[in-house]
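For the record, the sequence lines run as chains A and B.
For what it's worth, this note's numbering labels the leading residue of the first sequence as 1, then goes sequentially.
For what it's worth, this note's numbering labels the leading residue of the second sequence as 331, then goes sequentially.
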Amino acid sequence: MNLSTNYLGLELPHPFMPGASPLVDNIDEVRRLEDAGAAAIVMHSLFEEQLEEEALFEERHMHVHEHSFAEAVTYRPPASDFALEPNQYLDHLHRIKQSVSIPVIASLNGSRTGGWTNYSNLIQKAGADALEINVYFLPAAADDSNDDVEERTLEIVRAVKNEITIPTAVKLSPFFSSLPRFARQLNGLGVEGMILFNRFYQPDIDIEGLEVVPRIELSTSAELLLRIRWLAALHGQVNASLAVSGGVHTPEDAIKAIMAGADAVQVVSALLRHGSGYLRTLIDGTQAWLEEHDYESLQQMQGSMSLQHCPNPEKFERVNYLRTLQLWKS
Amino acid sequence: MNTLAPATVATIDGNEAAVSVAYRLSEVIVIYPITPSTPMAEVSDEWSAAGKPNLWEGVPEVVEMQSEGGAAGALHGALQGGALATTFTASQGLLLMIPNMYKIAGELTPFCMHVTARALATHSLSIFGDHSDVMACRQTGFAMLASASVQEAQDLALVAHAATLESRVPFLHFFDGFRTSHEIAKIELLSDDVLRAMIDDSTIDAHRRRALSPDHPVIRGTAQNPDTYFQAREAVNGYYQELPERVQTIMDRFSELTGRQYRLFDYYGPADAERVVVCMASGSETAMETSAWLNEQGEKTGVVRVRLYRPFSAKHLIEALPPSVKAIAVLDRTKEPGSPGEPLFLDVATALRQHAGEHFNTDKVRLIGGRYGLGSKDFTPAMAKAVFDELKKDDPKNSFTVGIADDVTGTSLPYDRGFVVDRPEVRRAVFFGLGSDGTVGANKNSIKIIGEHTDNHAQAYFVYDSKKAGAITISHLRFGPDPIREPYQIEQAQFVACHQFDFLNKYDVLGYSAPGATVLLNVPGPVEGVWDKLPRNIRSQILEKGLKLHAIDAYRIAREQNMGGRINTIMQVCFFALSGILSPDKAIAKIKEAIEKTYGRKGRAIVERNFAVVDAARAELHPIPVPESLDGEEIERTPVPDEAPEFVKRVTSVLLAGKGDLLPVSAFPVDGTWPTGTAKWEKRNLAPSIPVWDADICIQCNKCVMACPHAAIRAKFYEPSLAESAPSTFKSTPFRSREFPGMSYTLQVAPEDCTGCELCVHVCPAKDKATPKHKAINMEPQSPLRDAERDNYRFFLDLPSPDRTTLKQDVKHIQFLEPLFEYSGACAGCGETPYVKLLTQLFGDRLLIANATGCSSIYGGNLPTTPYTVNADGRGPAWANSLFEDNAEFGLGLRLAMDRMAYLAQHALRKLAPQVGDSLVEEILSAQQSDETMIASQRQRVVALREKLKGVSGNADARALEFLADYLVRKSVWSVGGDGWAYDIGYGGLDHVLASGRDLNLLVLDTEVYSNTGGQCSKSTPMSASAKFSSEGKALPKKDLGLMALTYGSVYVASVAMGAKDAQTTRAFLEAESYPGPSLILAYSHCIAHGITMNQGMDEQKLAVDSGSWKLFRFDPRRIDQDAPPLQLDSPAPRLPLSDFLTHQLRFRALERSNPERAQQLRQKAQEFVSADRALFEKLAEFPFKAGNGNGEKQE
């Protein structure tokens, strides 16, 4: 069975790859993922904040104590002893590239333009085959207009595209007034792919301590449905690869996403839950299903259930919402 | 002449200059941190960790020991084994090496050590420079070579290493602590080629062949009998006799290679000089400069600079002196009370006597000796001139002092404070800054730029504060076309910068300005109208001296670029713009280069932000027009209020004004005994924001009071009527208490003593339910609140303190006890001082503290003001610092004395039973004194006893008992110190004291690192933490001092962390004190050296416990007799992985960046260790610790 796919211009033997996560922090784990058949490695994000925070932390919390007291001009071994997060990231990227023969996709996470975007250039130099741009911005102020939000993202993408020649994919949030229109704008900037969707960190509330606390939950298959809808909507409307990220836990989940239009399937929670070897289960399961159902190739089913090709597109739309509610009542 | 490549220049300090040679010529470097030599050890460690090779391409092994004594032992071994070894030390550290120095010299072992000469602790500790320490080594058999400048610290280091190898006599190479060790100067570097040319490899080979080896065995360290020892001791003589000539030969060889000629005794001056000063180390530079000036005025003076002090070659000295000499003054930077003269003086006198008439008529020479510069007292041309002037007299004063006013025994020479040697080609600049604003760092960078990018010579010296919070720094920069020979602080600067506007009110900033000088001010707010905001005395100085004024609002620029309080780069740009030393464009290009170098790897954003402030600084620096006349009244400022005690007004206030140099000898106590409770008179107003109390939200838990490192937020409860006369803004609310119904409660901040650390706000658990970000205390800007809160605080302090016997012993109630440790100089947010404060709250009125040297002795006892204070009865902690290494023993001695005093009192009491009455005597003698109520009862009995004694006349025992009676109240003796003391240097003594069974309490303020000397690794440093001397991350776990101590079974041991469980901390302190044997408390103390956000220090403590990095337990031997397991684990099994803690602190994170794989391995090992340790302690917590059959069952 031919499971091959083209994602961001990369010819891949199949669409399955680990999504951006701490899974790839350890080189042994990266090798295990390759052994489990990963079509590519997606690195965790290098955060804009990381680029600045450590330096600012040192400046504010270490250097302010220095050169103040005769007996202790400094309090830590000299800073030249350690490289900061970005360099470490680049080193790690370099090490991964040397350890595996599959494509390596790096990831950069930020919320505004600035000096950090030129790290994309360093990432390219370090050998990344492609770059995910993860624009993480929560408009919380009433002054932030929808145009601002979109323009901010476009600006970042523009800045990054100016720096590099390797293919780029933008990891999208589902919260756009008109996702297809925005996707098309991204398309206009030459973006080679889009990933649906970013799973936002969801702050929780500690009701005893009256504090906001971070909380990260693994995804479930239920989250897939939102992605399927928008994959289906974008497929054929944008000239870019589409990847699904979030909610793929079984071969059936993957098949649905591919039918909706995904060229690549990124998996994180399932691998965290079952281990890296589970990637093989997903690949084999998908292959078996295709064989069982007499598909010629994976390509044959890509986008088959998109808005353009499915027999009943209205079910993706508003009418579906009404019916579901009625179903619930009855 | 040499054919070596031309030397490169560098702008470095004396420590780096010396270590650059020592490192390259050593294979084994054994170290222990001690100021001011520590940077040499640190640099060695950094270079070794970075794989920098020595001259022979091996990387020196750098080993930190537990003390200098240990280091000396290890060095002795390394040398006996044939290695080339070195060390760096000073002061008490050098004294600890003396026993081994005798051995190393007696065995004729080539070895060179480098010493930053420092004062010894006598009537007081001093970290500063003089020759007391090295002079205590002159009898060891070490050769001693003195360097006078940064250049010499490098050059003579090489001479010393070469000479020891050639001569076999070990060398002590020294230079002045701080003045040379920390002065930055432009010097010519010695290349590897010069080092190779100076070191004869055959001498190394010979050293190796003499070494101990089982392949060609010998025996050393024999014990010799009366028939042998004497002759054998004299057998060494020839080596010392030939050494001076040998050293001179090496100096001559050095001259051929470098063009810099040194002599054993270097004479500077005309051949016909009549008055000569003999002097050693940096002071000789001042003497030379002054002599040159005097000679320009037509006088005939000269200076002999002593290089090789031991062996002292009288012959070479006599030959160096001009035959025309009529009077000689010998200057010693040390004091030997009771001697006929200081050592160099005696040596010169002996030399003149021994060589009478050989070179000139020595009998006719008038010879005097005197002391100067002790404890880094500046030695200025004015003082040197006074010495030359004294030599003009027919009967000059001998055994004089210069630089002070000795109005008691009249030793001092008068000198003209206004006299300066003004060399117009030398440019001088003085900068006032805060430690935290980066002024010193920027000046270090400026001096490098000037030194390395212009033809100028450059010099920088920095004067630091002795307070750690809100520390002021004064930078002294000089530059000029010739090498700068001015090893003293600038008095007349052409450029004066004041980076903190408030300093204009506190210090005589413009006192440093020469007439016509340029003055740069950083002003808060717009520069327009700044003239009117200046204090009148500043304006009058500007007019009188014709100063040119410029101003900038640097903080606004820094804020706009998100740079916080770091105004360093901005002010640096202004300096270059105004000083004209470099073209502004070139200077800015160099500043930007430095920024790129410092921040380039940290991301473009930071670099761009710094670039932006550079550009903004240029644009926003403005000249300030100076009017022709002044208006307004001069306001007399007094540093302390009128109600301050007489001593504080007479002495302390002068110190506070920065004028301590002006105080005469008579102002000072003769024996180092100072009054306590002086910190309260120094209102430092450091906090930009202070906590403001919201009584409606407050739950009155007093956790903020407990956490405050500076005792600057306090709680009281009182009769509501007492608040009737309160100032209008004084806040009061009903006290929530079942025990004290109807009372009022106030939480009050000390606005002028608060450092603004915010620990109190972070520990406050009470939040407004509708707006949880609003707590019961919230930070608000200080200045609008200052006056009202000052009045409120005064009123608050006058409210009565509660009756100690009525308070429950929980956190809330204990925090109503008056702290007798307040407003110390500790860092803002210090993790140690809350424990010290708690100690004084609980036991302060009967507390003796033996304090190990370290942070706690500095914030506890460094002048000008000290924090231990007294209660309304005049009782409070009696505090003393003996040494670093002996603190447990020192405390034990205090305990023994207290017991003896109590015994004497009891003995007298028994004898006086007929007069006093049997029942009172019996009550006193049998009184239990294990809690506050019992202590109070005993105090009442003592009062009754004193009353009775008044009626007993003519009885010597009664008179003795009147004094001794207070000893009948049990005293609480505590040895307090850091982990450097308890785990390392003082461990042997601490262990012995624990085994003594005596009632002594030991409080270890455990920061897991040497905090005071700048964050070096101790045995308390946890696995995987990086620190100085373990920059690669500590590979072994923290020493478990608690576990070691509890194995005695007879020692009370507690491990506490206030931020994790304050109730357990309190309980542990009470139990330890009441336990009638030795007690040890290990108190986790967060520290700036951890690389944390200090205002979250208490949260870090909690995280340490929650992750298992720190455990809470109490081991109480009393429980054994109650058939309960003595060990109680007070922290539950870790609920977080260790990594949650480790990722929080830079000390752990750093390794993750420099060596992620090692970090991961160590982290995993550390986690495994934590788990195993937990399992062990859980088992131990079940163990009865009784003599038994191994199953915990008592044997019948």
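Each residue gets a CB set at the ideal place from its N, CA and C atoms; glycine is no exception.
Source: prediction; values computed, not measured.
Count the other CB atoms, across all protein chains shown, that sit within 10 Å of the CB of residue i; report buried if there are 16 or more and exposed otherwise.
i: residue 340/B; result: buried
i: residue 1497/B; result: buried
i: residue 1513/B; result: exposed
i: residue 940/B; result: buried
i: residue 747/B; result: exposed
i: residue 1113/B; result: exposed
i: residue 1119/B; result: buried
i: residue 178/A; result: exposed
i: residue 1311/B; result: buried
i: residue 349/B; result: buried
i: residue 225/A; result: exposed
i: residue 369/B; result: buried
Whole angstroms are fine: how far does the CA of residue j sit from the CA of residue i?
i: residue 314/A; j: residue 1465/B; result: 51 Å
i: residue 1326/B; j: residue 1097/B; result: 49 Å
i: residue 354/B; j: residue 408/B; result: 17 Å
i: residue 256/A; j: residue 228/A; result: 7 Å
i: residue 154/A; j: residue 1076/B; result: 56 Å
i: residue 486/B; j: residue 475/B; result: 7 Å
i: residue 367/A; j: residue 200/A; result: What is shown of chain A runs 1 to 330, which leaves residue 367/A out entirely.
i: residue 168/A; j: residue 189/A; result: 10 Å
i: residue 1105/B; j: residue 1149/B; result: 25 Å
i: residue 638/B; j: residue 603/B; result: 23 Å
i: residue 911/B; j: residue 787/B; result: 12 Å
i: residue 1320/B; j: residue 1167/B; result: 23 Å
i: residue 330/B; j: residue 816/B; result: Given that chain B is displayed from residue 331 to residue 1526, the structure contains no residue 330/B and the question cannot be resolved.
i: residue 315/B; j: residue 937/B; result: Since the first and last residues shown for chain B are 331 and 1526, residue 315/B lies out of range.
i: residue 157/A; j: residue 145/A; result: 19 Å
i: residue 89/A; j: residue 1508/B; result: 41 Å
Once you ignore the five residues that flank residue i on each side, which residues in its own chain have a CB closer than 7 Å to its CB?
i: residue 1521/B; result: Confidence in residue 1521/B is poor, its pLDDT being 46 and thus under 50, which makes the residue's placement unreliable; the coordinate value appears in the next sentence. Within the same chain, residue 1521/B has no close Cβ partners at all.
i: residue 39/A; result: 12, 13, 14, 15, 16, 17, 102
i: residue 826/B; result: 760, 839, 840, 842, 843, 847, 849
Starting from the C-beta of residue i, find all residues in its chain whose C-beta is less than 8 Å away, skip the five residues before and the five after it, and write them out in chain order.
i: residue 239/A; result: 187
Leaving out five residues before and five after residue i in sequence, what residues of the same chain have Cβ atoms less than 6 Å from its Cβ?
i: residue 618/B; result: 598, 633
i: residue 15/A; result: 5, 264, 265
i: residue 367/B; result: 418, 419, 420, 446
Identify the contact partners of residue i in chain C, using a Cβ-Cβ distance below 7 Å as the criterion.
i: residue 75/A; result: This model lacks chain C altogether; the protein chains it does include are A and B.
Exercise for the section: Could you pull out every unbroken beta strand (DSSP E) segment of at least 3 residues lying fully inside the segment 1150-1234 of chain B, listed in chain order? Expected result: Secondary structure within the segment 1150-1234 of chain B: the beta strand (DSSP E) runs of 3 or more consecutive residues, fully enclosed, are 1177-1181, 1208-1210 (chain order).
Handout entry: Positions along the segment 53-69 of chain A whose CB lies within less than 8 Å of some CB in chain B
Key = Answer in chain order: 54, 55, 56, 57, 58, 59, 60, 61, 62, 63, 64, 65, 66, 67, 68, 69.
Practice task
Please go through the segment 133-174 of chain A and give each complete alpha helix (DSSP H) segment of 4 or more residues, from N-terminal end onward.
Solution key: The qualifying runs are 146-163.
Handout entry: Where the segment 1356-1380 of chain B meets chain A: residues whose CB sits under 8 Å from a CB there
Key = Listed in chain order, the positions of the segment 1356-1380 of chain B with a beta carbon within less than 8 Å of a beta carbon of chain A are 1356, 1357, 1358, 1361.
Exercise for the section: Run through the segment 411-486 of chain B for me and flag every whole alpha helix (DSSP H) of 4 or more residues, listed as ranges in chain order. Expected result: Qualifying alpha helix (DSSP H) stretches, in chain order: 421-436, 462-465.
Exercise for the section: Taking only runs that begin and end inside the segment 575-646 of chain B, name each unbroken alpha helix (DSSP H) of 4 or more residues, in chain order. Expected result: Complete alpha helix (DSSP H) runs here, min 4: 613-626.
Handout entry: Every unbroken beta strand (DSSP E) inside the segment 761-834 of chain B [3 residues or more]
Key = As far as the segment 761-834 of chain B is concerned, its whole beta strand (DSSP E) runs of at least 3 residues are 787-793, 802-810, 823-828.
Problem - Complete beta strand (DSSP E) runs within the segment 223-279 of chain A (minimum length 3 residues, chain order) - result: For the segment 223-279 of chain A, the continuous beta strand (DSSP E) assignments of 3+ residues that do not extend past its boundaries occur at 241-245, 264-267, in sequence order.
Practice task
Scan the segment 1388-1434 of chain B and note each continuous beta strand (DSSP E) run of 3 residues or more that stays entirely inside, going in chain order.
Solution key: Taking only runs of at least 3 residues, the beta strand (DSSP E) segments lying wholly in the segment 1388-1434 of chain B are 1409-1414.
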